[in-house]
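The numbering used here puts the first residue of the sequence shown at 2, with every later residue one more than the last.
No residue lacks a Cβ here, since even glycine has one placed at the ideal position from N, Cα and C.
Given the structure is predicted, the values throughout are model-derived calculations rather than measurements.
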Amino acid sequence: IFLAIGILWWFLRRLRATLIIAIAIPISLLATFIVLNTAGRSLNVISLAGLAFAVGMVLDAAIVVLENIVRLREKGLTSTEAALLGSSQVWGAL
Numbered sequence: 002i003f004l005a006i007g008i009l010w011w012f013l014r015r016l017r018a019t020l021i022i023a024i025a026i027p028i029s030l031l032a033t034f035i036v037l038n039t040a041g042r043s044l045n046v047i048s049l050a051g052l053a054f055a056v057g058m059v060l061d062a063a064i065v066v067l068e069n070i071v072r073l074r075e076k077g078l079t080s081t082e083a084a085l086l087g088s089s090q091v092w093g094a095l
């Protein structure tokens, strides 16, 4: 997770944007562990492989949404407008 966050910061060069994505990864993992525990499932090699795959998907989706929001902010939209419009524009593709 730390390697992914470091590489993300290296390419984005935006600390705030990187932190937003960095928070999304542990939250999704925590939610997954809660659901696994509630469902009575064990943590094994298959579920760990699925978690690794899911972290990549969460990271990819967050980057796509973030890039669209940054693009809209550069066009002059406010933060709120860019966040709402940017996420709704790419939601179908994710």
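query, result
"Less than 8 Å between the beta carbons of Leu52 and Ile22, yes or no?", "no"
"State yes or no: is the C-beta of Leu31 within less than 8 Å of the C-beta of Leu37?", "no"
"If you run the structure through DSSP and keep just helix, strand and coil, what is Trp11?", "helix"
"What are the boundary residues of the alpha helix (DSSP H) that Ala63 is part of?", "Val46 to Glu75"
"Quick one: using the 10 Å Cβ neighbour count with 16 as the cut-off for buried, is Thr19 buried or exposed?", "buried"
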